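K.L.:
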Amino acid sequence: MMRGLAIVLLMPAVASAQEQHSALAAHGEAASQIAALTWVLFALAAIVFALVAAATWIALTGPPRLRAMLASRQTIVIAGFVFPVVVLTVLLFTGLRMTAALSSDVANPLKISVRGEQWWWRVGYALPQGGRFESANEIRIPVGRAVRFELTTADVIHSFWIPSLAGKMDMIPGRVTSLRLSAERPGIYRGICAEYCGGPHAWMALSVIAVPQAEFDDWLSKVAQPPSLSQAQRAGGELFMRAGCGGCHSISGTQANGSIGPALTKLGTRRMLAAGALPMSEHNIARFITHGPEIKPGNKMPPFKILSPAELNSLSAYLMAQR
Amino acid sequence: MRGLPDSLHKEWQRRIPPRWRILVIVAIAAPLAAFLFAWSGIFNVAASRGHFRIVEWALAFVMNNSVETHAALIKEPPLDDPNLPILGASHFYTACTPCHGGPGQQPNATLQNALPPAPDLRGTTERWKNREIYWIVKNGIKYTGMPAWIAQSRDDEVWAVVAFIDALPKLDAPRYRELAIGNLDPTAIEDLTIAKCVSCHGGSSGLPRSNLVPILHGQSAAYLTLAMREYASGRRHSGIMQPVASDVPPGAVERLARHYAGLRPRRPETPGFLFNIREGEQLATKGMANNAVPPCLACHGPNALETYPRLAGQNPVYFAARLKRYRDPKVDTTDGAAIMRPIAAKLTDQQIQDLAAYFAASGSPGR
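Residue numbers (this note's numbering), protein chains in the order written: chain U, 1159 to 1481; chain X, -5 to 361.
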């Protein structure tokens, strides 16, 4: 009954579970445990609240016999000292055990590096055939497999949080932190930066896409394959280099090897553009190239209004074709 | 006071002591009389009539004091660089002489009939200190026809003109001409539009004579056209280039641009300041990834878009000054500057000098 009441009270939060962006809609081992602990805490708090309310009522209007009992030394020692000590100690050790279990090593986790940068996420995979694959703002993981994120930051403190899959973990300058999680079922889980990091912090989101292991292996084995491009799209690729885009961005398999901004390899397959600022589309790519600072105020990529409309079309077509 | 109604008359007598009455009457009557005088149109604004001597004295008195006071706190930078008066003279030769004239150059007769007529500036350095000339050139003077400097953010250009005016009294006609336009004989040049560019930027005869001026030889025509359009619109600030660029007849800009694009690139002289070419090369080819500075050559290499300027073989002194100016958002509001500003802001002065030296040494602009 208590749980039913809580669900009614927390309806708005639970409703957002459909977007896979809620700590109460757990889809991973770590998030489930955290959610369970949340419910236990909520239930305990509710019981304590009821007891305190009852005691207050007795103290004010109860029969003299009960009031005398309430004021006895025995009641104060049990309810005011023994009960909190026992409950809080149990909770403390439950929490400690849970955290230890969640951060303990597991055999053969999938390692993915994520570096927080103002204001996007640099994502790196080790490829099975050797070498690395760099992406940004979207992380693909296999369902059911333990994933270990190695978290660093390029500038200030960020916090890596995918509410439906795990708790949050800070990215701290000069240190490597790690977070383990696994997704229980396929889905798209939204993540955000949970530590204010300046400027467009609110536009520093990411997507985690959990897919079956076979699909994941297939995807990872193909990320190094260059896309097949039409004649017009190849012209866009030439423009990409001539306009200097490759000075900051990389696309694997091309001469573009800039490491200042996000890698654009397989850009067309990502759901969102500019760390959640816009849905991915050719039109939005063009908009972001020319009007980035208006779409994501404070963002570091300067506006390239210097490009002609034809150049812009060619460029965005080439980028959207990165699949 | 008999014309006043009784009650007002009584108030007047009760409140204003007799010795103040005349003052009150004057205070009301004088402005009224002045207004009536202006309204009547009796005053003659004709430039042909000149001023009364006392008016002329009063105007000069106000102007002299105003300039001296406003310029009192201005610090004069070192003006002994010989490149400064060359640039200043080239600008003066076309922009200032219509009113002021110069050694061997008559002012425009029509403009000399303005009131006041613009003075011959050869006596200027005795009358004014350099900082005061700077203030006048930059701000202009009300009611005299002396215009303010178009690009208020370009103090460097104003000082170049001051450096020239400082040298002016010592110049006879041939030396003045040589300083302003070099060996050029404007009457011998068929294309007068190109002649306008040549006195500062050089041409088939050679490189710019002042190292404060960019080398245009071999630069892409598309970029030169864009730059001229940006100068003419005032988005790229320059009190020297804006009047020139906005004066070029439509259609002639592309022709000028093609002319310079077709000139054989030449290497500038070795810069005379401390630098480290290796550091410059590292920055130009690799950038500073950890400080969000991309390699210069990503956008300014030989294969870059035609609308991007080539940097190889650029005049190092101009290059360094230009790159530093990008840091100030007021100096340039073009679309290109929006891209360059964050980069220029991250480079130190030393890095900028290293880059200038590297590009000056790395061959010719263009392909």
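A virtual CB, placed ideally from N, CA and C, is assigned to each residue, including glycine.
Keep in mind the model is a prediction, meaning the values are calculated, not measured.
1) Is it true that the stretch 184 to 203 of chain X meets the stretch 289 to 300 of chain X, where meeting means three or more beta-carbon pairs spaced less than 8 Å apart?
2) Does ASP326 of chain X come out as helix, strand or coil in the three-state DSSP assignment?
3) Along chain U, which residues have their Cβ under 7 Å away from the Cβ of THR301 of chain X?
4) Compare the C-beta of PRO1460 of chain U with all C-beta atoms of chain X and state if any pair is closer than 9 Å.
5) What whole-angstrom Cβ distance do TYR1347 of chain U and HIS1185 of chain U have, given they're in contact under 8 Å?
6) What separation, rounded to the nearest whole angstrom, lies between the Cα atoms of VAL49 of chain X and ILE22 of chain X?
7) Entirely within the stretch 1305 to 1392 of chain U and at least 4 residues each: give me those alpha helix (DSSP H) ranges in chain order.
8) Do you know how far the Cα of PRO1242 of chain U is from the Cα of ILE1236 of chain U?
9) Contact defined as beta carbons within less than 8 Å: I believe GLY82 of chain X pairs with ALA167 of chain X. What is the distance between those atoms, to the nearest angstrom?
10) Per DSSP, what kind of secondary structure is LEU81 of chain X in: helix, strand or coil?
11) If I follow the unbroken alpha helix (DSSP H) through LYS4 of chain X, where does it start and stop?
12) What's the gap between the Cα of HIS1316 of chain U and the Cα of TRP1377 of chain U?
13) Specify the secondary structure class of GLN106 of chain X as computed by DSSP and reduced to three states.
14) Taking contact to mean at least 3 C-beta pairs separated by less than 8 Å, is the stretch 1358 to 1375 of chain U in contact with the stretch 1326 to 1344 of chain U?
15) When the distance is taken between beta carbons, is TRP1361 of chain U closer than 9 Å to LYS1458 of chain U?
16) What residues from chain X crowd round ARG1400 of chain U, counting only those whose CB sits closer than 8 Å?
17) Where does the unbroken beta strand (DSSP E) through LEU1268 of chain U begin, and where does it stop?
18) Using only CA atoms, which one of U:ALA1188, U:LEU1195, U:PHE1462, U:VAL1314 lies nearest to PHE1398 of chain U?
19) Nearest to ILE1483 of chain U by CA position, among U:LYS1269, U:PRO1460, U:SER1439, U:MET1329, is which residue?
20) Find the residues of chain X that neighbour ALA1418 of chain U, judging by a C-beta separation of less than 7 Å, and give them in chain order.
21) Here's a check: name, in chain order, each residue in its chain whose Cβ is nearer than 8 Å to the Cβ of GLY1456 of chain U, leaving out the five neighbours to either side.
22) Identify each residue in the stretch 317 to 347 of chain X for which the Cβ-Cβ distance to at least one residue of chain U is less than 7 Å, and report them in chain order.
23) Using CA coordinates, which residue listed in U:GLY1288, U:ALA1390, U:THR1311 is at the minimum distance from ARG1280 of chain U?
24) Compare the C-beta of ALA351 of chain X against all C-beta atoms of chain U and say whether one is closer than 9 Å.
25) Return the CA-CA distance between ALA251 of chain X and LYS340 of chain X, expressed in angstroms with no decimal places.
26) Can you tell me whether SER199 of chain X is helix, strand or coil according to DSSP?
27) Would you decide whether THR88 of chain X is buried or exposed? Buried here means 16 or more other CB atoms lie within 10 Å of its CB.
28) For CYS293 of chain X, would you say it is in contact with chain U, using Cβ-to-Cβ distances shorter than 9 Å as the test?
29) For TRP1197 of chain U, report the span of its beta strand (DSSP E) as first-last.
30) Leaving out five residues on either side along the sequence, give the residues of the same chain with a beta carbon under 8 Å from the beta carbon of ALA1479 of chain U.
31) Closer than 6 Å by C-beta to GLY1282 of chain U: which residues in its own chain qualify, once you throw out the five before and the five after it? Chain order, please.
32) Quick check: ILE337 of chain X and TYR312 of chain X, are their CB atoms within less than 9 Å of each other?
33) Kindly identify the DSSP beta-bridge partner or partners of VAL207 of chain X.
34) Should LEU1249 of chain U and LEU1199 of chain U be called a contact, given that it needs their Cβ atoms to be closer than 9 Å?
35) Please classify MET1499 of chain U as buried or exposed, where buried requires at least 16 neighbouring CB atoms within 10 angstroms.
36) For ALA1258 of chain U, which option in U:PRO1222, U:SER1408, U:ARG1338, U:GLY1450 has the closest C-alpha, if you only look at C-alpha atoms?
P.N.:
Short version:
1) no
2) Residue mapping note: residue 326 of chain X aligns to position 332 of the second sequence, counting from 1. ASP326 of chain X falls in the strand class under three-state DSSP.
3) Along the second sequence, one-based indexing puts residue 301 of chain X at 307. The answer, in chain order, is ILE1464.
4) Stepping through the first sequence from its first residue, residue 1460 of chain U is reached at position 302. Cβ-Cβ to chain X under 9 Å: yes for PRO1460 of chain U.
5) As a first step, residue 1347 of chain U is located in the first sequence; it is residue number 189 there, counting from the start. As a first step, residue 1185 of chain U is located in the first sequence; it is residue number 27 there, counting from the start. With a beta-carbon spacing of about 7 Å, TYR1347 of chain U and HIS1185 of chain U fall inside the 8 Å limit used to define contacts.
6) Translated into the one-based positions of the second sequence, residue 49 of chain X becomes position 55. Translated into the one-based positions of the second sequence, residue 22 of chain X becomes position 28. Rounded to the nearest angstrom, the two C-alpha atoms are 24 Å apart.
7) Within the stretch 1305 to 1392 of chain U, the complete alpha helix (DSSP H) runs of at least 4 residues are 1371 to 1380.
8) Here residue 1236 of chain U refers to the residue found at position 78 of the first sequence. Here residue 1242 of chain U refers to the residue found at position 84 of the first sequence. Distance between the alpha carbons of ILE1236 of chain U and PRO1242 of chain U is about 9 Å.
9) Within the second sequence, residue 82 of chain X is the residue found at index 88, counting from 1. Within the second sequence, residue 167 of chain X is the residue found at index 173, counting from 1. Going by Cβ atoms, the distance from GLY82 of chain X to ALA167 of chain X rounds to 17 Å, so no, they are not a contact pair.
10) For the purposes of this step, residue 81 of chain X is taken as the residue at position 87 of the second sequence. In the structure shown, LEU81 of chain X sits in a helix (DSSP, three-state: H, G or I).
11) For the purposes of this step, residue 4 of chain X is taken as residue 10 along the second sequence, with counting starting at 1. Residues 0 to 9.
12) One-based indexing of the first sequence puts residue 1316 of chain U at position 158. One-based indexing of the first sequence puts residue 1377 of chain U at position 219. C-alpha separation (whole angstroms): 28 Å.
13) Within the second sequence, residue 106 of chain X is the residue found at index 112, counting from 1. Three-state DSSP puts GLN106 of chain X in a helix.
14) yes
15) Stepping through the first sequence from its first residue, residue 1458 of chain U is reached at position 300. Stepping through the first sequence from its first residue, residue 1361 of chain U is reached at position 203. For LYS1458 of chain U and TRP1361 of chain U, no; Cβs fall outside 9 Å.
16) Stepping through the first sequence from its first residue, residue 1400 of chain U is reached at position 242. Under the 8 Å cutoff, chain X gives ASN297, ALA298, LEU299.
17) As a working note, residue 1268 of chain U is residue 110 in the first sequence. Its beta strand (DSSP E) spans residues 1268 to 1275.
18) Numbered from its first residue, the first sequence carries residue 1398 of chain U at position 240. When each option's Cα is compared against that of PHE1398 of chain U, the closest is U:PHE1462.
19) This structure gives no information on residue 1483 of chain U, because the portion of chain U shown stretches from 1159 to 1481.
20) Translated into positions along the first sequence, residue 1418 of chain U becomes position 260. Here residue 1418 of chain U is Ile; the residue named in the question, Ala, does not match the sequence. The answer, in chain order, is ALA283, ALA286, PRO288.
21) Taking the first sequence and counting its residues from 1, the one referred to as residue 1456 of chain U is at position 298. Counting only residues of its own chain and dropping the five nearest sequence neighbours on each side, GLY1456 of chain U has a CB closer than 8 Å to the CB of TRP1277, GLY1356, GLY1357, PRO1358.
22) ASP329, GLY330, ALA332, ILE333, PRO336
23) Here residue 1280 of chain U corresponds to residue number 122 of the first sequence, with the count starting at 1. Minimum Cα distance to ARG1280 of chain U is reached at U:THR1311.
24) Taking the first residue of the second sequence as position 1, residue 351 of chain X is located at position 357. False, the Cβ-Cβ gap to chain U never drops below 9 Å.
25) Here residue 251 of chain X refers to the residue found at position 257 when the second sequence is read from its first residue. Here residue 340 of chain X refers to the residue found at position 346 when the second sequence is read from its first residue. Near 32 Å, if we compare the C-alpha coordinates of LYS340 of chain X and ALA251 of chain X.
26) One-based indexing of the second sequence puts residue 199 of chain X at position 205. Looking at SER199 of chain X - three-state DSSP - the assignment turns out to be coil, as it is neither helix nor strand.
27) In the second sequence, counting from the first residue as 1, residue 88 of chain X sits at position 94. With 16 or more other Cβ atoms within 10 Å, it is buried.
28) The sequence position of residue 293 of chain X within the second sequence is 299, counting from 1. Chain U contact via Cβ: present.
29) As a working mapping, residue 1197 of chain U is identified with position 39 in the first sequence. Taken as a continuous stretch (DSSP letters only), TRP1197 of chain U belongs to no beta strand (DSSP E), being part of the alpha helix (DSSP H) at 1187 to 1219.
30) Numbered from its first residue, the first sequence carries residue 1479 of chain U at position 321. Here the set comprises PRO1385, LEU1387, SER1388, GLN1391, GLY1394, GLY1426.
31) The residue given as residue 1282 of chain U occupies position 124 in the first sequence. SER1271, ARG1290, GLU1292, listed in sequence order.
32) The count along the second sequence starts at 1 and reaches residue 337 of chain X at position 343. The count along the second sequence starts at 1 and reaches residue 312 of chain X at position 318. With a cutoff of 9 Å on beta-carbon distance, ILE337 of chain X and TYR312 of chain X are scored as not near each other.
33) Here residue 207 of chain X refers to the residue found at position 213 of the second sequence. DSSP output for VAL207 of chain X lists no bridge partner at all.
34) The residue labelled residue 1249 of chain U in the question sits at position 91 within the first sequence. The residue labelled residue 1199 of chain U in the question sits at position 41 within the first sequence. Yes, they are a contact pair.
35) The structure shown does not extend to residue 1499 of chain U, since chain U is modelled only from 1159 through 1481, so no value can be given for it.
36) Numbered from 1 along the first sequence, position 100 holds the residue referred to as residue 1258 of chain U. Measuring C-alpha to C-alpha distances from ALA1258 of chain U to each of U:PRO1222, U:SER1408, U:ARG1338, U:GLY1450 identifies U:ARG1338 as the nearest.
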